[in-house]
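Per my numbering, the sequence shown starts with residue -15, numbered consecutively. Scroll down for the structure; my scribbles are underneath it.
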Amino acid sequence: MSRLGLVVHQGRPVAVRTAETVREWARKHNIGCTDIDVWKQHEERRGGMEELKHAHNPDLIVTLGGDGTFLRGARIAAKNDAMVLGVDLGKVGFLTEVACSDVEAALEAVHHGGATIEERMTLTMRASRPLEIPSGIESLLRYGHGPALPPPAVRPESEGDGWGVALDVTALNDVVLEKLARDHQVALGVYLAGRLLASYSADAVIVATPTGSTAYSFAAGGPILSPNTEAVVFTPVAPHMTFNRTVIAAPDEPIALRVLPHSGQAAVSIDGQLRGVLDPGDWIGVYGSPRRLRLVRLRPTDFYGRLRDRFRLTDAPATALDGESDAFWRPTTPVPPDLAHLRLPPPLQDDR
């Protein structure tokens, strides 16, 4: 590791203090350290490729905040396969990895090859035209928040002949198309793998990764997928139709969303950030990206433990008299050959 980037939640004093610890560690190890995705009110933010250039292509991006701060770092890291280390500030997140008190040990592990790299699927997209945000809409939709990201740049591999323009997008969680007018739902034709699935009138539709299945898609009634899954999750939000179920597609089955002629405008959000507005007749196509996000892990990921803690899952009250369930289910004897390929928790350590 020769250079790292730092994304800090400036509204959290513990994040600001921990950032100084990271900078001091980098100085001691003669590693360049650059603050990225930094802005002031009424200033424009940079796109992912511009941030990478500003940060001199870091090998590692450290985020100090919650999952939202992590997503800020992820959109930049995925552009050049940089690793991302999420430092947790006390809340149970699905993406952050280490506590502030352990940040130096985590950096040492990454620097000396003692960390595990976990890859996550991401999404990218094409559109019928370059995305734009009409004047006045951004300030209305983002009232009380910081400046918006610019619309995605057009990738050089864009071609004509009806295939639209390729956009410089790498979404870890989701791409959302939602209504702009409060009294007017967005009307969409939804195509899976090139064939019409249905026409929807809805508040929004969500195209999510397995990582994003625990975010907006879950809140809209979608399923939870293991982050080890390869899939694209389509979830409608408050649709005015009988069929309101989630559809899970393969990562190589594109999901196209076309705004119907008599619909209102639709906002395009990528990982929770407004990035463009579509007019009737416009379309976007979302599909699995060849880019993977490389997450730094210091120990095997306990996704289902985090799921239990994040949503405060407990045993049903009716089972209280029957005793509590064990935290793990795993015999202490060696794993049989027919189970050796499965993901199982490590053997319990005897600390006596």
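C-beta atoms are modelled at their ideal positions from N, C-alpha and C, and glycine is treated no differently. Only a predicted model underlies this, so the values are computations on that prediction, with no experimental measurement involved.
Counted within 10 angstroms of its Cβ, other Cβ atoms place residue i as buried (16 or more) or exposed
| i | result |
| --- | --- |
| residue 253 | buried |
| residue 211 | buried |
| residue 288 | exposed |
| residue 183 | exposed |
| residue 100 | exposed |
| residue 344 | No statement about residue 344 is possible, as the shown extent of the chain runs from -15 to 336 and does not include it. |
| residue 9 | buried |
| residue 309 | exposed |
| residue 236 | exposed |
| residue 323 | exposed |
| residue 294 | exposed |
| residue 163 | buried |
| residue 72 | buried |
| residue 247 | buried |
| residue 227 | exposed |
| residue 206 | buried |
| residue 78 | buried |
| residue -12 | buried |
CB contact flag (residue i, residue j, <8 Å)
| i | j | result |
| --- | --- | --- |
| residue 33 | residue 278 | no |
| residue 421 | residue 35 | The structure shown has nothing for residue 421, since the chain only spans -15 to 336. |
| residue 70 | residue 54 | yes |
| residue 90 | residue 282 | yes |
| residue 118 | residue 261 | yes |
| residue 170 | residue 181 | no |
| residue 221 | residue 186 | yes |
| residue 158 | residue 192 | yes |
| residue 267 | residue 240 | yes |
| residue 255 | residue -4 | no |
C-alpha gap between residue i and residue j, whole angstroms
| i | j | result |
| --- | --- | --- |
| residue 105 | residue 197 | 12 Å |
| residue 46 | residue 270 | 28 Å |
| residue 297 | residue 95 | 36 Å |
| residue 285 | residue 133 | 31 Å |
| residue 219 | residue 202 | 9 Å |
| residue 64 | residue 156 | 15 Å |
| residue 131 | residue 225 | 36 Å |
| residue 264 | residue 223 | 18 Å |
| residue 188 | residue 29 | 26 Å |
| residue 92 | residue 190 | 38 Å |
| residue -10 | residue 49 | 11 Å |
| residue 179 | residue 57 | 35 Å |
| residue 313 | residue 330 | 11 Å |
Residue i Cβ short of 7 Å to the ligand FAD heavy atom set
| i | result |
| --- | --- |
| residue 265 | Among the components modelled here there is no ligand, and therefore nothing to report on the ligand FAD. |
Is the stretch 132 to 146 touching the stretch 310 to 321, taking contact as three or more C-beta pairs under 8 Å?
-> With the cut-off at 8 Å, the stretch 132 to 146 and the stretch 310 to 321 do not touch.
Secondary structure, alpha helix (DSSP H): runs of 4+ residues fully inside the stretch 173 to 247 = 200 to 203
contact_flag[the stretch 76 to 83, the stretch 1 to 17] where n(CB pairs < 8 Å) is 3 or more | no
Scan the stretch 101 to 125 and note each continuous alpha helix (DSSP H) run of 4 residues or more that stays entirely inside, going in chain order.
-> 121 to 125
Unbroken beta strand (DSSP E) runs of length 3 or more, entirely within the stretch 265 to 308: which are they?
-> 267 to 281, all fully within the stretch 265 to 308.
Report the residue ranges of all alpha helix (DSSP H) runs contained in full by the stretch 17 to 95; include only those spanning at least 4 residues, in chain order.
-> 32 to 38, 51 to 61, 87 to 95
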